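Notes for the one structure printed next.
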Amino acid sequence: MRFTVFAITSVPDTATTGRVYGLDDLDDEAICKVLFHRRKQQTGSSETLRWDQRAIAGITLIQHALDDVQMQTLHFASHSEQDMLQAYYRAVMHSGCAVSWCNDQGTLPLIRFRALMHGVSHPAYWRALQERADLHRDICDWLSPAPHDRPGLDETARKLGFPGLLGHSEETALDDWLQGQHAGVQAFGELSALNAYLLALRVFATTGEMIRHDNARVMDRLRSMLDQRDGMHLADFLAAWSEA
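Going by this note's numbering, the sequence shown opens with residue 52, and the numbers climb by one from there.
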């Protein structure tokens, strides 16, 4: 079984907002406040931004094969959105299946809209999307289809004995992005992807798509891979995982 777990870190699209609404004299933090205020006016209560009001600040891809696990992260400090989108398309087409957590929050519309904005084309991906209903699999949808009230990734992962996001969140990622701290954005994306990956392994073991022995082998390889990578958040993840 091959698949790619992906997690996107999105932030307010300050560049487009500044251009469209003539706010170029404001900094990113001030434009964010304008966006959140406008969104609250639109919804009446929530400041959660719609997919067309966001941009991609980072993407983490975990490519799974029975004998190999690889994790790749691209973020705003070293890659463009075009780079991130192309990496996503390549990974999905290589593995043949994209797995994520909670696409109903606008992840796929965000990918499509940013591809339109930047003119990023990957025809093979769109053909596969038309031909295969299972090109994308969402763990949260498997647990409870929208629009039911559903828990978040952090809470769900910790209830099942996984490390969770270890204090990282969309809010901390936004603060890190505003301060130009790519390490925090990377940490949030990688922790999101790793927890989604462990959840996917549990789901596929439950459904019989992976057998228990193979699942254990993969998790051993994941531990070995993470142990060789830098990053305090990964060390914390491994420590929390071993204690679970």
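For glycine and all other residues, C-beta sits at the position ideal for the given N, C-alpha and C. All values reported here derive from a predicted model rather than from experimental measurement.
| query | result |
| --- | --- |
| What's the call for His145, buried or exposed, on a 16-neighbour Cβ count within 10 Å? | exposed |
| Consult DSSP for Val85 and reduce its assignment to one of helix, strand or coil. | helix |
| At what residues does the beta strand (DSSP E) containing Thr60 begin and finish? | Phe54 to Pro63 |
| Distance check for Ile162 and Ala116, CA to CA, integer angstroms please. | 24 Å |
| State buried or exposed for Gln279, treating a residue as buried only when at least 16 other CB atoms are found within 10 Å of its CB. | exposed |
| Using a Cβ-Cβ cutoff of less than 6 Å, which residues in the same chain neighbour Leu249 once the five nearest sequence positions on both sides are dropped? | Phe213 |
| Run through the DSSP bridge pairs and tell me what Leu112 is partnered with. | Phe57 and Gln123 |
| Quick check on DSSP: helix, strand or coil for Ala66? | helix |
| What's the C-alpha gap between Arg165 and Lys210? | 34 Å |
| In its own chain, which residues sit with a C-beta less than 8 Å from the C-beta of Ala66, not counting the 5 before and 5 after it? | Ala106 |
| Hey, Leu100 and Pro63 are a contact pair by Cβ (cut 8 Å); roughly how many whole angstroms apart? | 6 Å |
| Among the candidates Ser172, Thr60 and Ala149, whose CA atom is the shortest distance from the CA of Gln237? | Thr60 |
| Find out if the Cβ-Cβ distance for the pair Leu74, Cys153 is shorter than 8 Å. | no |
| Would Leu252 and Met276 qualify as a contact pair, given that the criterion is a beta-carbon distance under 8 Å? | no |
| What whole-angstrom Cβ distance do Phe127 and Trp228 have, given they're in contact under 8 Å? | 7 Å |
| Please say whether Ser129 and Ala247 have beta carbons closer to each other than 8 Å? | no |
| For Ala291, which residues of its own chain have a beta-carbon under 6 Å away from its beta-carbon, when the five flanking residues on both sides are left out? | Pro214 |
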